[in-house]
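For reference, the structure discussed in these notes is given below.
Structure follows, in structure tokens:
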């Protein structure tokens, strides 16, 4: 499923098996599977929709006056569609964590944003029937092309926010932003090695808060070593 909200209403689209969808900072649902119970009546009452034909969520939410060409995907949204299509084609390896990570780290398409607008974090969730095999992977860096995805465990001991430890994740985020070209290249190489080990461990061990903390400490140590080597600036504390 993908779910989107606009004004006080929402729409959801069920994704068929073998199909993919991309959401990139915009309204992307055209023909919803489910709707807020009052949406259709309100849309007609307010003059957003004439009640004829299919209800086009994107067109209605954009004011119902946009030309058809403006409703078509473009920019970052279209890039995401193209990357999903490429990575899920018959010629590509079976789509999973690695394929999703490659898309989220793509800087040429702006999926991984840099500049005036930039990515502030990244998450990959691999969901399986029954939930017992679900995997959730998070970076603690501003740029997933530099940072490592680490397995995170929801539930007891997995607190975040006011009840959790935000000092080290924030430090990791800030240090990643300090990486310059040479340091970023070296961090990418270390990231690939670390991530491969974490992926291998996840096949035999369930993620845990302690495991996430250990992976975070290892990444912090790598960042500190690289920054000291390339800038000579102490990063402890």
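Residue numbers (the working numbering): 234 to 470. Quick reminder that beta carbons are idealized off the backbone N, C-alpha and C, glycines included. From a predicted model like this one, the values you see are computed outputs, not experimental measurements.
{"Check": "How long is the line joining the alpha carbons of residue 425 and residue 382, rounded to whole angstroms?", "Outcome": "10 Å"}
{"Check": "Evaluate residue 355 with the Cβ neighbour count: other Cβ atoms within 10 Å of its Cβ, from every protein chain shown; 16 or more gives buried, anything less gives exposed.", "Outcome": "buried"}
{"Check": "In this structure, what does DSSP give as the bridge partners for residue 356?", "Outcome": "371"}
{"Check": "Just the C-alpha distance for residue 395 and residue 362, rounded to the nearest angstrom, thanks.", "Outcome": "For residue 395, the predicted structure reports a pLDDT of 46, less than 50, and the residue's modelled location is therefore unreliable. A value from the coordinates is still provided. Their backbone Cα atoms lie some 32 Å apart in a straight line."}
{"Check": "Please classify residue 407 as buried or exposed, where buried requires at least 16 other C-beta atoms within 10 Å of its C-beta.", "Outcome": "exposed"}
{"Check": "Between residue 264 and residue 283, is the Cβ-Cβ spacing less than 8 Å?", "Outcome": "no"}
{"Check": "Could you give the first and the last residue of the continuous alpha helix (DSSP H) run that contains residue 325?", "Outcome": "No alpha helix (DSSP H) holds residue 325; DSSP gives it neither H nor E."}
{"Check": "In or out: residue 449 buried (at least 16 other Cβ within 10 Å) or exposed?", "Outcome": "buried"}
{"Check": "Output yes or no for whether 8 Å exceeds the beta carbon distance between residue 410 and residue 378.", "Outcome": "no"}
{"Check": "From the DSSP output, read off the bridge partner residues of residue 384.", "Outcome": "370"}
{"Check": "For the alpha helix (DSSP H) holding residue 308, just list the boundary residues, first then last.", "Outcome": "308-320"}
{"Check": "Where does residue 416 sit, in a helix, a strand or coil, going by DSSP?", "Outcome": "helix"}
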